[in-house]
Amino acid sequence: MASAISLLSEDKFLCSVCLDVFTKPVSTPCGHTFCSACIHKYWDSNDICQCPICKKVFDPRPELQVNTVVSELAADFKTLVRVKASTPGPQLPETADTVRDAVTQLKHRVDEVMEELPEIKMKRMREHAVDLTFDPDTAYCSLVISQDRKQVIAGDTEQSLPNNPKRFEVYPEVLTKEGFTTGKFYYEVQVEGSTRWITGVVRESVNRNKYSFHSVKSGYWTIGLHEGTYSAYKSAQRDKITLKEKLEKVGIFVDYNKGVVSFYDVISKSHIYSFTGCQFTEKLYPYFYLQPNRNQTNSAPLILTPVTQTH
């Protein structure tokens, strides 16, 4: 019987704080899972709100939701452990075989679910997909927008454009025509080939005619690529993002009401970075920065791509 239970990797179901099987498991923005009560007690007893495992700091403190998939699997695991504890040993080989088969099936299901989780997350986010178009009235004078308003290219010269209070006048930035004041929305942008870009969302009142840092304080919730390094622009001191592969397409998911902005690698279906605990009080606009194409060093466009619904 012990060998049957050991087929399951217990660490998939154990909270690293209480070292017991999860009760109401919640996942932190960095991807680690704990009992809801354990992580909140841990944060309450420490001056810094951080992950007990990887020590990533969260500021402000994130709101966590129960991970229903892990919760159901943990409940199944508890049931199997109880069966093991209540079943007499050697004299009941048939019962042991039955439980061993059940554990094997559950292990296979756990492995399947773990593989499916990224797909499940992407599917749920894509249910909130929005159709976006670039807004020429906001585009910096070196940016060139396609006729269908789905692509933006970094030009190497500045155009003469009509004055417009919505236009960015300092940096090569552009917004979409569509803005949001509530609910959830998701979009995808192709960044493949671009050597210097930033994307995310900004508040409507973001400064458009003066120098300012890309930071949360200035109204930017963005990530980007600069000199081969990916970063999150949380403050003047960027958070470096380490990725296994170069990004080709980025998915951006925003939950306005919960104050969350999350970024995903669409190709690998993996999480890149999240801003949590955001206080949104204005309309949010999808945002894009594309460094000027001097000496043909940044000629690839940023493309608003159709969101493919997975089944």
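With full-length UniProt numbering, letter number 251 in the sequence shown gets 251, and the count goes up by one each step, no holes.
Every residue, glycine too, gets a C-beta built ideally from N, C-alpha and C.
Taking a contact as a CB-CB distance under 8 angstroms, the pair F275 and V266 does not count as one, their CB atoms being some 19 angstroms apart. In this structure, the straight-line span from the alpha carbon of S194 to that of V174 is close to 16 angstroms.
Note on geometry: alpha-carbon atoms of K55 and L19 lie some 18 angstroms from one another. In the three-state DSSP reduction, A37 falls in the helix class (H, G or I). Judged by their CB atoms, P29 and Y42 are not nearer to each other than the 8 angstroms cut-off.
Between P292 and A154 a beta carbon distance of about 5 angstroms is seen, short of the 8 angstroms cut, so the two are scored as contacting. In this chain, the beta strand (DSSP E) harbouring R203 covers 197-203. CA-CA distance, H271 to I223, rounds to 13 angstroms.
In the pairwise beta carbon analysis, the region 240-251 is classified as not touching the region 205-220: fewer than three pairs are separated by under 8 angstroms. Fewer than three Cβ pairs drawn from the region 158-165 and the region 177-196 lie within less than 8 angstroms of each other, which leaves the two stretches out of contact. When V130, A129, V170 are compared, the shortest CA-CA separation from S142 is found for V170.
With fewer than 16 other CB atoms across the displayed protein chains lying within 10 angstroms of its CB, V57 is exposed.
For V254, the enclosing beta strand (DSSP E) covers residues 249-255.
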